[in-house]
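Residue numbers (UniProt numbering), protein chains in the order written: chain Z, 1 to 321; chain V, 1 to 499. Just so you know, even glycine gets a beta-carbon here, dropped at the ideal spot from N, CA and C.
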Amino acid sequence: MSEVKTAKGFWPGFNQRKFLDDWVMLLAALGIFVLSAVFIDNFLSPLNMRGLGLAISTVGIAACTMLFCLASGHFDLSVGSVIACAGVVAGIVMRDTDSVALGVSAALAMGLVVGLINGIVIAKLRINALIATLATMQIVRGLAYIFSNGKAVGVMNEGFFVFGNGQLLGVPVPIIITVLCFVFFGWLLNYTTYGRNTMAIGGNQEAALLAGVNVDRTKIIIFAVHGLIGALAGVILASRMTSGQPMIGQGFELTVISACVLGGVSLSGGIGMIRHVIAGVLILAIIENAMNLKNIDTFYQYVIRGSILLLAVIIDRMKQR
Amino acid sequence: MSGAALRFNGIGKEFPGVKALAQISFEARPHSVHALMGENGAGKSTLLKILGGAYIPSSGTVQIGAQTMAFKCAADSIASGVAVIHQELHLVPEMSVAENLFLGHLPTRFGVVNRSLLRKQALACLKGLADEIDPDEKLGRLSLGQRQLVEIAKALSRGANVIAFDEPTSSLSAREIDRLMAIITRLRDEGKVVLYVSHRMEEVFRICDAVTVFKDGRYVRTFEDMSTLTHDQLVTCMVGRDIQDIYDYRPREQGEVALNVEGLLGPGLREPVSFQVRKGEILGLFGLVGAGRTELLRLLSGLERSSAGSLALCGEPLQLRSPRDAIAAGVLLCPEDRKKEGIIPLSSVAENINISARSAHASFGWLLRDDWEKGNAERQIQAMKVKTPNAEQKILYLSGGNQQKAILGRWLSMPMKVLLLDEPTRGIDIGAKSEIYQIIHNLAASGIAVIVVSSDLMEVMGISDRILVMSEGALTGELPRAQADEARLLQLALPQSRA
Numbered sequence: 001m002s003e004v005k006t007a008k009g010f011w012p013g014f015n016q017r018k019f020l021d022d023w024v025m026l027l028a029a030l031g032i033f034v035l036s037a038v039f040i041d042n043f044l045s046p047l048n049m050r051g052l053g054l055a056i057s058t059v060g061i062a063a064c065t066m067l068f069c070l071a072s073g074h075f076d077l078s079v080g081s082v083i084a085c086a087g088v089v090a091g092i093v094m095r096d097t098d099s100v101a102l103g104v105s106a107a108l109a110m111g112l113v114v115g116l117i118n119g120i121v122i123a124k125l126r127i128n129a130l131i132a133t134l135a136t137m138q139i140v141r142g143l144a145y146i147f148s149n150g151k152a153v154g155v156m157n158e159g160f161f162v163f164g165n166g167q168l169l170g171v172p173v174p175i176i177i178t179v180l181c182f183v184f185f186g187w188l189l190n191y192t193t194y195g196r197n198t199m200a201i202g203g204n205q206e207a208a209l210l211a212g213v214n215v216d217r218t219k220i221i222i223f224a225v226h227g228l229i230g231a232l233a234g235v236i237l238a239s240r241m242t243s244g245q246p247m248i249g250q251g252f253e254l255t256v257i258s259a260c261v262l263g264g265v266s267l268s269g270g271i272g273m274i275r276h277v278i279a280g281v282l283i284l285a286i287i288e289n290a291m292n293l294k295n296i297d298t299f300y301q302y303v304i305r306g307s308i309l310l311l312a313v314i315i316d317r318m319k320q321r
Numbered sequence: 001m002s003g004a005a006l007r008f009n010g011i012g013k014e015f016p017g018v019k020a021l022a023q024i025s026f027e028a029r030p031h032s033v034h035a036l037m038g039e040n041g042a043g044k045s046t047l048l049k050i051l052g053g054a055y056i057p058s059s060g061t062v063q064i065g066a067q068t069m070a071f072k073c074a075a076d077s078i079a080s081g082v083a084v085i086h087q088e089l090h091l092v093p094e095m096s097v098a099e100n101l102f103l104g105h106l107p108t109r110f111g112v113v114n115r116s117l118l119r120k121q122a123l124a125c126l127k128g129l130a131d132e133i134d135p136d137e138k139l140g141r142l143s144l145g146q147r148q149l150v151e152i153a154k155a156l157s158r159g160a161n162v163i164a165f166d167e168p169t170s171s172l173s174a175r176e177i178d179r180l181m182a183i184i185t186r187l188r189d190e191g192k193v194v195l196y197v198s199h200r201m202e203e204v205f206r207i208c209d210a211v212t213v214f215k216d217g218r219y220v221r222t223f224e225d226m227s228t229l230t231h232d233q234l235v236t237c238m239v240g241r242d243i244q245d246i247y248d249y250r251p252r253e254q255g256e257v258a259l260n261v262e263g264l265l266g267p268g269l270r271e272p273v274s275f276q277v278r279k280g281e282i283l284g285l286f287g288l289v290g291a292g293r294t295e296l297l298r299l300l301s302g303l304e305r306s307s308a309g310s311l312a313l314c315g316e317p318l319q320l321r322s323p324r325d326a327i328a329a330g331v332l333l334c335p336e337d338r339k340k341e342g343i344i345p346l347s348s349v350a351e352n353i354n355i356s357a358r359s360a361h362a363s364f365g366w367l368l369r370d371d372w373e374k375g376n377a378e379r380q381i382q383a384m385k386v387k388t389p390n391a392e393q394k395i396l397y398l399s400g401g402n403q404q405k406a407i408l409g410r411w412l413s414m415p416m417k418v419l420l421l422d423e424p425t426r427g428i429d430i431g432a433k434s435e436i437y438q439i440i441h442n443l444a445a446s447g448i449a450v451i452v453v454s455s456d457l458m459e460v461m462g463i464s465d466r467i468l469v470m471s472e473g474a475l476t477g478e479l480p481r482a483q484a485d486e487a488r489l490l491q492l493a494l495p496q497s498r499a
């Protein structure tokens, strides 16, 4: 084996390749932020910054647990429907019981149950995640319409608005929750057996099984937590809009997955870090925000977003060569 | 074109950091079956890949007759009349035999596939090779031997004059092997150049007219006269040193029975299997491919459920419902297919070592302890002599031998009673091999019962205290080390129904 070079001096053991792999997308996000700040008027205004933060929050929260699904070699298409249904369930329960705690609990329980069903069907019955979550996506969307009769469920309860519109030291609550999610799930992925087992399953399921990882249980937990966190995102969104809307979040699952992949999470499993997710979410949100400020037509926005995603995965592919 | 010799002139091939081949020069004549032999990793497969156009050599040329070939891709090589029959056949199981034969140039009429002409041409192709195969049959329904014949027919239909076989008999039954041998002899008599890569001495002595030996990517020598060549001469030439010392066998103390297997039945086993292995013993399990050895290990490691019989570990009954049960009991398996079942390729060496033992050392069972994680990885890397720049290197970039040592390190991090090794040195170079034998010996000496499955006769005889032989899903014999010789082992391993 040839000798291993380690640069001495300023940064001992600095590995350029690893550094690039780990940080390049986050640096790209920072670059886009700086460019937008320089070239777009009002980008840095407090109002716009707050809007940007809120735009990040829903996608960011759901992307944290989507990271686990992707890292284990699966994905979840039902999250958009879960978000809508969670808002509807919270709205209805609060209307009927007048209790914020009950409303939020019911919404979270609904998300947990959907996630558990996804996980059990995928892990125990060995149904492909695409099909399983495609089915629950439609079922849960349908339930959201049925529960709400197809109409938005208005919320009158002031206490509920804390989640979406409250502030702590001037920072909106959704942003605080998003940051907490980033920290918590990043920690979970790196510093717990659950997180490492998730990566092992995505990296080589057969080997993980033979190494003694409880593959089925880990998968079920991944999807259950994803359902729960999806519902949390739904509650926050409903709180921001002061109503539970059954039609909201169509295509949201694809936005979440593309944010993860854009940041560098592998669709085939085994590669993924929380900073990939943060980078992906930031890049998507900043570009969207910039395009809105520049008054770019929605039709063109679709083309631009798609092109960026395509470019990112092509670059990722070439990096692996 | 028939009658042209195939010549390799100073072929070299380098991969980043690895010299796979250096200065390979030899000639294979027409009317002759030329064997390529060497340990795993000696460079035979790399040479065939160069011949097949899959790799471009870093130096040197391939010559057919007087013509120098420059193969840039597989199509070039096929066009020049070269066919390489790989171990994994390059056929589409979901398509018909005829479609497979003419894939890429199906006969068409006005752009539509001409089914009747296709069938006629396919029948002509198969004639004399495999008359019983219906061209309209789906390829996936054929036996492995028949699929190989389809591959040969495909090569001949493209006018191949140079045909290279890479381990063609590794998954064939004895009768299919006989048939293949007859076909190869016929190809030789028709004046083709046949290259034959195999580990199996008996086949090489049976059909080959010349042998070229490789070692560590270098040409060693060519034997032109098979009648004066002895088995031992060939082995010594391949290994490059006396075989005895790489196994480094030393007798050991043996304790009480560690694992007792009683009447075990399950998928892949035809008859109930019963045997015992003692603490400190190395038990070899020999058999041809498909004898049921891997299946037996899958049962013992909880990967497959047994349908009858019982297991006892150190006198205690042992119930296995999943690999987790076996691991918890201390029965640990190093699987045969390292890439598919052993390593987690994109994870670090440290991850791969720590994955199994970590939950016993984590706070509350799930909070990783950084000091243990780092310490254990370093300890095992040192103890197993895993060659890696650091513990954070992705295991994918390590050589096969070092990957295997890392997996051994994974199990050494755990309380171990019985170690199951399935083909532990397949695809591993000789230096790492002897290190792995050393590790196996030391483990046994520390009181662990070791079961080694291997299709390498030399290896089984070299390291085992006792050898069990399997054939067609049943145990067919048991030999203590002193009585084990090649002839007896092979006799027991050969399927009786056809012997």
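Annotated three-state conformation of Z:ASN165 is helix, per DSSP.
V:LEU346 has a beta carbon lying within less than 8 Å of a beta carbon in chain Z. Sequence-distant Cβ neighbours of V:ASP134 in its own chain, meaning closer than 8 Å and more than five residues away, are VAL97. Less than 8 Å separates the beta-carbon of Z:ALA285 from that of Z:ILE56. Nearest Cα to Z:LEU254 within the set Z:ASP22, Z:ASN42, Z:LEU35 and Z:SER78: Z:SER78.
When the Cα atoms are used, V:SER359 and V:GLU137 turn out to be separated by approximately 51 Å.
Taking the beta carbon of V:GLY342 as reference, the chain Z residues within 7 Å of it are ALA207, listed in sequence order. Shown here, V:ARG369 sits in coil according to DSSP, grouped into three states, outside any helix or strand.
Spatial neighbours of V:GLY280 in its own chain (CB-CB distance under 6 Å, excluding positions within 5 residues in sequence) are listed in chain order as ARG252, GLU253, GLN254, GLY255, ALA444 and GLY447. Per DSSP, the continuous alpha helix (DSSP H) segment holding Z:PHE68 begins and ends at 46–71. For the pair Z:ILE201 and Z:SER72, the CB atoms are nearer than the 8 Å cut-off.
Residues of the stretch 403–428 of chain V with a Cβ closer than 7 Å to any Cβ of chain Z, in chain order: ARG410. For V:SER471, the secondary structure class from DSSP, reduced to helix, strand or coil, is strand. Counting every other CB atom within 10 Å of its CB across the protein chains shown gives V:ALA291 a total of 16 or more, marking it as buried. Contact annotation: Z:VAL140 and Z:VAL114 have beta-carbon atoms nearer than 8 Å. Take V:MET69, set aside five residues on each side of it, and the residues of its chain with a beta-carbon closer than 6 Å to its own are VAL62 and SER80, in chain order. The C-beta of Z:VAL213 comes closer than 8 Å to at least one C-beta of chain V.
Contact check for V:SER301 against V:ALA328 fails: the beta carbons are separated by 8 Å or more. In this structure, the alpha-carbon of Z:VAL89 lies about 12 Å from that of Z:LEU232.
Z:LEU54 and Z:THR178 have their C-alpha atoms roughly 9 Å apart. Put simply, the CB of Z:GLY203 is near chain V, with a gap under 8 Å to one of its CB atoms. Contact with chain V is found for Z:MET199, since one of that chain's Cβ atoms lies less than 8 Å from the residue's Cβ. According to the DSSP assignment, V:SER77 belongs to the alpha helix (DSSP H) that extends over 74–79. Going by beta carbons, V:VAL197 and V:ARG188 fall outside the 8 Å limit. In the three-state reduction of the DSSP assignment, V:CYS334 falls in the strand class, which pools E and B. In chain order, LEU209, LEU210 and GLY212 make up the part of chain Z whose C-beta sits under 7 Å from the C-beta of V:PRO323.
Among the residues of chain V, those whose CB is under 9 Å from the CB of Z:ILE271 are LEU346, following chain order.
A residue is called buried once 16 or more other Cβ atoms fall within 10 Å of its Cβ, and V:LEU142 is buried on that count.
What V:TRP372 touches in chain Z, judged by beta-carbon distance under 8 Å, is nothing: the nearest beta carbon there is about 12 Å away.
Within chain Z, the residues ALA211 and GLY212 have their CB atoms less than 7 Å from the CB of V:SER356, given in chain order. Proximity of chain Z to V:ALA362 at the Cβ level (cut-off 9 Å) is accounted for by THR192 and THR193, in chain order.
Separation of Z:ARG217 and V:CYS125 (C-alpha to C-alpha, rounded to the nearest whole angstrom) is 53 Å. The continuous alpha helix (DSSP H) containing Z:VAL173 extends over residues 173–191. Residues of the stretch 304–337 of chain V with a C-beta less than 7 Å from any C-beta of chain Z: PRO323, ARG324, ILE327, LEU333 and PRO335, listed in chain order. A residue is called buried when at least 16 other Cβ atoms come within 10 angstroms of its Cβ; Z:GLY251 does not meet this threshold and is exposed.
Think of a sphere of 9 Å around the beta carbon of V:LEU368: the chain Z residues whose beta carbon falls inside it are ASN190, TYR191, THR192, THR193, GLY195 and ARG196, in chain order.
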